[in-house]
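Reading through the structure tokens given below for one structure.
There are 6 protein chains.
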Amino acid sequence: MNNLGIVKRNITRADRAAVEKLSRFGVATIHEAMGRVGLMKPYMRPIYNEARICGTAVTVLLQPGDNWMMHVAAEQLQPGDVVVAACTTDNADGFFGDLLATSFQARGAVGLIIDGGVRDVKDLTEMNFPVFSKAIHAKGTIKATLGSVNIPVVCAGAQVNPGDVVIADIDGVVVVPAEVAQKVADAAQAREANEGAKRAIFASGVLGLDYYKMREGLAKAGLRYID
Amino acid sequence: MNNLGIVKRNITRADRAAVEKLSRFGVATIHEAMGRVGLMKPYMRPIYNEARICGTAVTVLLQPGDNWMMHVAAEQLQPGDVVVAACTTDNADGFFGDLLATSFQARGAVGLIIDGGVRDVKDLTEMNFPVFSKAIHAKGTIKATLGSVNIPVVCAGAQVNPGDVVIADIDGVVVVPAEVAQKVADAAQAREANEGAKRAIFASGVLGLDYYKMREGLAKAGLRYID
Amino acid sequence: MNNLGIVKRNITRADRAAVEKLSRFGVATIHEAMGRVGLMKPYMRPIYNEARICGTAVTVLLQPGDNWMMHVAAEQLQPGDVVVAACTTDNADGFFGDLLATSFQARGAVGLIIDGGVRDVKDLTEMNFPVFSKAIHAKGTIKATLGSVNIPVVCAGAQVNPGDVVIADIDGVVVVPAEVAQKVADAAQAREANEGAKRAIFASGVLGLDYYKMREGLAKAGLRYID
Amino acid sequence: MNNLGIVKRNITRADRAAVEKLSRFGVATIHEAMGRVGLMKPYMRPIYNEARICGTAVTVLLQPGDNWMMHVAAEQLQPGDVVVAACTTDNADGFFGDLLATSFQARGAVGLIIDGGVRDVKDLTEMNFPVFSKAIHAKGTIKATLGSVNIPVVCAGAQVNPGDVVIADIDGVVVVPAEVAQKVADAAQAREANEGAKRAIFASGVLGLDYYKMREGLAKAGLRYID
Amino acid sequence: MNNLGIVKRNITRADRAAVEKLSRFGVATIHEAMGRVGLMKPYMRPIYNEARICGTAVTVLLQPGDNWMMHVAAEQLQPGDVVVAACTTDNADGFFGDLLATSFQARGAVGLIIDGGVRDVKDLTEMNFPVFSKAIHAKGTIKATLGSVNIPVVCAGAQVNPGDVVIADIDGVVVVPAEVAQKVADAAQAREANEGAKRAIFASGVLGLDYYKMREGLAKAGLRYID
Amino acid sequence: MNNLGIVKRNITRADRAAVEKLSRFGVATIHEAMGRVGLMKPYMRPIYNEARICGTAVTVLLQPGDNWMMHVAAEQLQPGDVVVAACTTDNADGFFGDLLATSFQARGAVGLIIDGGVRDVKDLTEMNFPVFSKAIHAKGTIKATLGSVNIPVVCAGAQVNPGDVVIADIDGVVVVPAEVAQKVADAAQAREANEGAKRAIFASGVLGLDYYKMREGLAKAGLRYID
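In structure tokens, the structure reads:
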């Protein structure tokens with residue numbers, strides 16, 4: 337019954353083509369395409385504004401003040417993976433810095449999502465290694481207690497299974513379960529298709545009230561215009 | 337006694353010349369000129385550092401997770417207006433994105449102040465549409481419940497009446513009641529006038545202790561210098 | 337027994353050479369070199385990303401909503417000093433702006449660390465006057481109540497004595513007691529020396545698991561690999 | 337244009353009979369009866385669980401760390417009044433303790449609502465003087481800067497005008513504008529009237545799904561039952 | 337791919353005997369017995385100190401400001417169930433009050449765990465209906481948007497599947513997956529068995545240092561005693 | 337330069353008579369008597385309302401998620417001591433429960449102040465072992481990393497040296513340096529002496545405005561009474 341102290345080596349990653357397709361869309365679009373579920377909490381912010389991630393999750397469960405499992409996770413990384421690190425308790429210590437980022441990059445990882453702190457932010461930025469975290473904190477960590485790698489985790493309020501697609505940009509972080517990645521990518525594409533048209537229509541001065549035919553619904557709901 | 341479900345169409349906007357004059361000054365200066373009232377809480381932050389707004393308020397009262405009233409507000413916008421959106425409860429959902437921004441811009445709005453979340457931040461930044469919000473969040477909203485447009489609202493701790501002047505910059509967001517806009521603009525100008533001179537004086541090494549003649553007051557209050 | 341209303345004029349500043357040496361290292365490195373103590377809380381953030389400070393502390397204890405002591409502190413500043421301002425209670429008012437910054441700069445101060453708010457951020461950025469604060473807030477302050485200058489203070493969770501070295505960068509703010517400044521600088525240098533080598537090793541694909549010989553320890557702790 | 341430094345002596349208090357009638361209902365009921373507006377933020381908590389207030393507002397605008405205006409307000413109190421204290425900035429200092437409570441009680445005040453801190457909580461509890469605050473804090477305050485008494489204030493996110501009815505219980509704090517006090521009291525009574533009946537119905541096992549006839553709406557909205 | 341708008345009727349509840357056994361132990365003990373996973377965040381607090389819950393989860397996913405699904409959930413309740421309500425976004429509205437509690441109680445539910453707000457706390461307390469929530473808030477909700485019932489949810493940072501055992505007391509809220517309920521109950525019992533003995537030993541003055549044989553480990557780690 | 341891994345055995349405790357005298361006064365009174373310094377932050381709350389502590393500090397510096405040093409501290413306790421536990425980073429884990437409390441009580445300790453979490457609150461309450469903490473959390477801790485005992489620490493924003501007097505009640509927690517304990521106790525007594533008289537005066541209807549002769553000062557500051 338204990339899911340601490342486990343490293344799962346073989347995980348089923350989302351289909352590469354679906355991941356690639358998802359990488360073309362923003363987090364807000366994908367979140368809508370998926371039916372408005374799977375978002376992490378908005379306290380997860382990029383360490384630099386242009387940071388963007390789309391990859392398959394290698395999950396890590398950390399202990400507070402301890403980044404031992406980050407080293408264990410490094411070995412499980414394949415090109416295109418993103419590390420998603422949760423913690424057994426709220427903790428903003430700097431679990432991750434430039435050396436681990438170098439290791440992760442050497443193995444082809446495309447970024448880190450961590451419900452904790454990171455440090456060496458200047459180096460990480462220069463390395464173009466995107467990180468979304470809840471804090472920046474110079475406080476270092478020890479290597480003393482087991483967590484796990486590639487078990488299901490809750491990260492910043494979202495359930496993440498190893499192999500899921502995780503997409504992150506300035507609007508936030510969203511998790512797409514591996515088994516629906518292709519469907520969500522298709523739905524995102526469909527959604528995006530008519531966005532350009534809509535934007536032109538609204539730019540021309542047409543109101544959403546008319547375009548979405550809201551006036552009747554508003555009147556029924558009892559909206560009153562007064563002078 | 338119910339002020340939900342109301343759209344007030346005719347509002348008295350602050351004098352255009354006063355608004356233009358206020359646009360020349362920073363938020364800190366205007367706040368001082370007004371007697372240190374009217375500031376929103378400091379959690380209201382710009383979505384990009386250069387964001388700056390000075391306009392007349394069209395107010396919106398939103399329901400949590402619902403942006404129906406933003407569409408209703410769009411129709412009430414005139415060039416030079418800024419939308420000030422409050423919510424009936426704390427909620428950081430992404431009430432606003434690039435499509436609404438396109439509509440708002442098409443009608444001449446100069447920005448958005450929202451005690452809630454926004455999304456499509458990359459697009460908004462490229463559009464140069466300034467937003468001050470309490471959060472960035474990809475989470476979308478529905479259109480199901482009535483709020484109101486152009487009623488008095490409390491937004492981020494400040495009372496805002498429709499037509500008031502709202503000024504926002506990197507230092508925060510301040511509300512100037514329409515009826516005192518001209519007086520505040522004049523006071524801000526007077527205040528600003530001698531700032532340049534003061535800055536030169538302090539740059540030359542003169543201390544505030546001497547310039548403001550504080551030494552006597554400090555001594556009276558009992559300040560002791562020890563070695 | 338009262339340490340309010342005091343200004344200590346003669347303080348022992350950390351050795352200049354040690355300060356200069358410390359200025360070459362990042363906050364995370366120095367924090368490690370010192371044995372992982374002395375960090376301020378991570379809510380202390382730079383007002384612009386490139387802000388960096390390394391200087392000797394002139395400490396200030398402020399009262400809420402009152403910046404009188406900042407003016408008193410200005411007179412105690414020597415070139416190379418950094419002002420470290422604590423407050424007797426949590427308060428995010430804008431205690432500091434461009435005029436005080438002009439005074440501080442005129443006396444050679446290299447920055448401000450404040451467990452409170454600042455304003456005129458656009459001006460401060462243009463002046464290249466680095467500030468680390470817990471808030472940006474246009475709200476001004478009065479000059480009515482005595483605090484102290486150059487007494488020991490607790491700032492953002494860290495004990496700071498006048499004359500201590502304070503280093504701040506994007507990773508946070510760390511305090512090095514004056515009496516160990518040289519030793520910490522030496523330790524930081526030693527630590528930094530082999531970082532470059534390590535980074536090359538990790539970039540080549542060597543894992544931390546092997547480089548740090550963690551595999552045995554992990555096995556002993558009970559880590560299980562499953563498929 | 338400055339509303340600091342003002343004491344308004346003659347205010348129009350809500351009708352005494354309406355206040356008395358409102359005192360019979362809970363905050364949740366009154367909030368519903370008023371159309372779901374006028375609530376303070378939920379961080380306002382009673383200093384003891386049984387605290388309950390219903391009175392007419394004498395408003396106070398405080399400066400951070402300064403309770404001078406509480407003494408000024410005391411003189412304006414009439415039997416049945418509740419003091420509603422806002423602050424020009426976020427501040428949790430202990431603005432209020434047993435001596436002020438004694439003064440307030442001597443004048444017939446029925447409680448205090450304060451967007452700040454209080455102290456002497458043991459004494460206040462023994463005196464049965466109900467207080468709703470955002471913090472308990474032993475930190476004292478000074479008497480140096482003017483605020484105002486009986487001007488409109490924003491307290492914990494709610495607009496309060498002098499004379500309004502303020503009701504507080506374990507569920508929170510709600511503000512009823514004086515001019516609608518009677519109507520809201522009547523609506524609250526109507527609402528309460530059929531609550532007892534409803535409770536009996538639900539206790540008997542009838543579901544809200546059936547009692548409120550929600551099944552059709554849920555089906556239309558697309559709810560699917562699966563096994 | 338959409339898990340909104342779903343009600344799962346047949347769920348596998350944890351074995352009744354295991355639930356009963358778990359009900360004898362505190363949350364801290366069960367959390368330890370399970371290997372230190374499954375805890376909700378500590379912001380979840382009881383509405384009254386004596387509140388205690390042990391039951392099988394019927395899960396609800398709410399929309400912000402909307403409690404429609406609570407009514408849908410009521411119909412799915414069986415004796416011994418506890419409702420575990422998550423929300424698609426952070427929202428502290430009062431989703432639950434005395435009428436819903438009456439319904440829940442009528443169907444044999446033993447309590448509510450909600451990552452949101454509740455109201456009518458006085459009534460709930462008098463009804464002895466235990467609730468653990470993140471807020472108390474009089475703000476009511478609407479019934480307009482679909483969520484789901486009996487899907488896996490993340491509630492206050494913990495993954496909860498329908499049928500899992502949820503135990504709550506003054507120390508917090510812990511989730512025991514249904515499939516390990518019996519094992520965890522046994523482990524909790526084993527753990528509790530020697531607690532009484534230990535307490536007697538420590539009460540006699542024996543130190544944990546000696547009882548747990550920590551002195552050697554501390555010395556090895558480098559602990560130094562100085563005078 | 338490293339102050340981790342140290343246990344100081346011989347500390348100078350504040351004079352027993354002074355401690356006893358301080359135990360007669362409330363935290364607010366002592367804080368005033370000391371000149372309004374030395375308070376911990378108001379997030380430190382008692383685990384039960386009647387909790388009250390007055391003792392001499394044995395300080396502990398904890399690592400996140402690790403309570404090893406609490407056991408080390410136990411051995412250093414003498415009758416009348418209070419343990420004051422700080423942590424190297426923000427962490428709300430449950431560092432302390434009924435077994436440690438039994439040990440502490442066996443050695444005569446009078447309570448615990450911890451800038452972290454505690455658990456077994458029901459037991460602690462039944463044992464009448466008073467604790468002031470920033471959280472209640474069932475999450476347990478490990479014993480792996482050295483901190484220190486009886487070094488100066490910053491706890492909840494206050495500097496505490498071993499041997500200082502720490503007083504805690506419903507109003508908060510205050511630290512009185514050992515060397516001024518007697519003076520502060522005397523000042524507290526003087527302060528308390530005329531409180532009873534004052535309370536009678538205010539109860540009779542005399543206003544603070546008159547008793548403290550504030551009217552002239554208010555007028556000078558510009559206070560205006562309007563009708």
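Protein chains in written order, with this note's numbering: chain G, 337 to 563; chain R, 337 to 563; chain S, 337 to 563; chain F, 337 to 563; chain X, 337 to 563; chain P, 337 to 563. Glycine included, each C-beta is placed from N, C-alpha and C at the ideal position.
Check: Using the beta-carbon of each residue, which ones in chain P are nearer than 8 Å to Asn-339(S)?; Outcome: Gly-371 and Val-373
Check: Classify Tyr-561(R) as helix, strand or coil using the three-state DSSP reduction.; Outcome: strand
Check: Residue range of the beta strand (DSSP E) that Thr-395(G) falls in?; Outcome: 389-398
Check: Please list, in chain order, the residues of the region 419-432 of chain F that have any C-beta partner in chain S closer than 9 Å.; Outcome: Thr-424, Thr-425, Asp-426, Asn-427, Ala-428 and Asp-429
Check: Taking the straight line between their C-alpha atoms, what separation do you get for Leu-448(F) and Val-420(F)?; Outcome: 6 Å
Check: Give every residue of the same chain whose Cβ lies closer than 6 Å to the Cβ of Arg-349(G), excluding the five residues on either side of it in the sequence, and list them in chain order.; Outcome: Thr-392 and Gly-499
Check: From this set, Val-408(F), Asp-507(F), Pro-378(F) and Gln-525(F), which residue's C-alpha is nearest Ala-387(F)'s C-alpha?; Outcome: Asp-507(F)
Check: Listed from N- to C-terminal order along the chain, which residues in the region 349-365 of chain F have their beta-carbon within a distance smaller than 8 Å of any beta-carbon of chain X?; Outcome: Gly-362, Val-363 and Ala-364
Check: Less than 6 Å between C-beta atoms, sequence neighbours within five positions excluded: which residues of the same chain meet that for Thr-438(R)?; Outcome: none
Check: Name the chain S residues whose beta carbon is nearer than 7 Å to that of Pro-400(F)?; Outcome: Pro-400, Gly-401, Asn-427 and Asp-429
Check: Buried or exposed, going by whether 16 or more other CB atoms sit within 10 Å of the CB of Asn-346(F)?; Outcome: exposed
Check: Among the residues of its own chain, which have a CB less than 8 Å from the CB of Met-550(F), if the five just before and after it don't count?; Outcome: Gly-544
Check: For the alpha helix (DSSP H) holding Val-516(G), just list the boundary residues, first then last.; Outcome: Element bounds for Val-516(G): n/a, residue is neither H nor E.
Check: For Tyr-548(P), which residues from the same chain have a beta carbon less than 8 Å from its beta carbon, with the 5 sequence-adjacent residues on both sides left out?; Outcome: none
Check: Below 6 Å CB to CB, which residues in the same chain sit around Tyr-561(G) once its five sequence neighbours on both sides are set aside?; Outcome: none
Check: Could you tell me which uninterrupted beta strand (DSSP E) segments, each at least 3 residues in length, are contained entirely in the region 410-495 of chain G, listed from first to last along the chain?; Outcome: 417-423, 447-454, 467-472 and 489-491
Check: So what does Ile-342(S) bridge to, in DSSP terms?; Outcome: Arg-560(R)
Check: Please classify Ser-540(S) as buried or exposed, where buried requires at least 16 neighbouring CB atoms within 10 angstroms.; Outcome: exposed
Check: For Glu-356(S), count the other beta carbons within 10 Å of its own beta carbon; 16 or more makes it buried, fewer makes it exposed. Which is it?; Outcome: exposed
Check: With distances taken Cα to Cα, identify the nearest neighbour of Asn-530(S) among His-473(G), Ile-537(G), Phe-465(G) and Leu-435(G).; Outcome: Leu-435(G)
Check: Does the Cβ of Gln-414(F) have 16 or more other Cβ atoms within 10 Å, making it buried, or fewer, making it exposed?; Outcome: exposed
Check: Using 8 Å as the Cβ pair cut-off and three pairs as the minimum, do the region 374-382 of chain R and the region 508-526 of chain R touch?; Outcome: yes
Check: Bridge partners of Ala-504(P), per DSSP?; Outcome: Ile-389(P) and Val-509(P)
Check: For Val-502(P), which residues in the same chain have their Cβ closer than 8 Å to its Cβ, ignoring the five residues on either side in sequence?; Outcome: Ile-389, Cys-390, Gly-391, Thr-392, Ala-393, Val-418, Val-420, Ile-449, Val-496, Val-509, Val-510, Val-511 and Val-512
Check: Decide if Arg-360(F) is buried, meaning its Cβ has at least 16 other Cβ atoms within 10 Å, or exposed.; Outcome: exposed
Check: Would the beta-carbon of Ala-526(P) fall within 8 Å of that of Gly-430(F)?; Outcome: no
Check: Return the bridge partner residues of Leu-554(F) from the DSSP annotation.; Outcome: In DSSP, Leu-554(F) forms no bridge with anything.
Check: Answer with buried or exposed for Glu-552(R), where buried requires no fewer than 16 other C-beta atoms within 10 angstroms of its C-beta.; Outcome: exposed
Check: Whole angstroms is fine: what's the gap from Arg-352(F)'s alpha carbon to Asp-563(F)'s?; Outcome: 58 Å
Check: Using 10 angstroms around the beta-carbon of Leu-559(G), count the other beta-carbons present and answer buried if the total reaches 16, otherwise exposed.; Outcome: buried
Check: At a CB-CB cut-off below 8 Å, which residues of chain G make contact with Ile-478(P)?; Outcome: Gln-399, Ala-480 and Thr-481
Check: For Asn-403(F), tell me which candidate among Ile-383(F), Ile-478(F) and Ala-517(F) has the shortest Cα-Cα distance.; Outcome: Ile-478(F)
Check: With 8 Å set as the bound, which would you pick, yes or no: does the beta-carbon of Lys-470(S) sit closer than that to a beta-carbon of chain F?; Outcome: no
Check: Relative to chain X, which residues along the region 486-505 of chain G have a C-beta separation below 8 Å, given in chain order?; Outcome: Pro-488, Val-490, Gly-493, Ala-494 and Gln-495
Check: Specify, as a first and last residue, the run of the alpha helix (DSSP H) that Phe-538(G) falls within.; Outcome: 531-539
Check: Please go through the same chain and pick out, in chain order, the residues whose beta-carbon is closer than 7 Å to the beta-carbon of Gln-518(X), but skip the five residues on each side of it.; Outcome: Asp-351 and Ala-354
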